[in-house]
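Notes for the one structure printed next.
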Amino acid sequence: MADPVSITLNATAAQLLVRIAGEMGEDNPSAVVVRALGLLEMAQRARRQGGKLIFRNEHGADAEVAF
């Protein structure tokens, strides 16, 4: 396992991170970052392989994850 690192966030990003962590039921906001990085990695892998990562909402509408 890699050594932990520190990142600096502006106030808006920090507040959003804490809010999302709370909504997810996570005590540690870094869990949000880990999940977000996992999604980013999935999207990049799909793109490298010529595919797309798609989110489908509750109404059945699809949206491509774009970065």
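Per the working numbering, the very first residue in the sequence shown carries number 6; after that it's consecutive.
Ideal placement from N, C-alpha and C gives every residue a C-beta, glycine not left out.
Quantities reported herein were computed from a predicted structural model and do not represent experimental measurements.
Measure the CB-CB distance between residue i and residue j and report whether it falls below 7 Å.
i, j, result
"ALA68", "PHE60", "yes"
"ALA41", "PRO34", "no"
"ALA88", "LYS57", "Shown here, the chain extends from 6 to 72; a query on residue 88 therefore has no answer."
Relative to the alpha-carbon of residue i, which residue among the options has its alpha-carbon at the smallest distance?
i, options, result
"THR13", "VAL38, ASP32, GLY27 and GLY56", "VAL38"
"ASN15", "VAL23, ASP8 and GLY43", "VAL23"
Determine whether the Cβ of residue i lies closer than 7 Å to any Cβ atom of chain D.
i, result
"ARG53", "Protein chains in the displayed structure number just one, and chain D is not present."
Please look up how many angstroms separate the CB atoms of residue i and residue j, rounded, as I've assumed it's under 8 Å.
i, j, result
"ALA18", "MET29", "No, ALA18 and MET29 are not in contact; Cβ-Cβ is about 16 Å, not under 8 Å."
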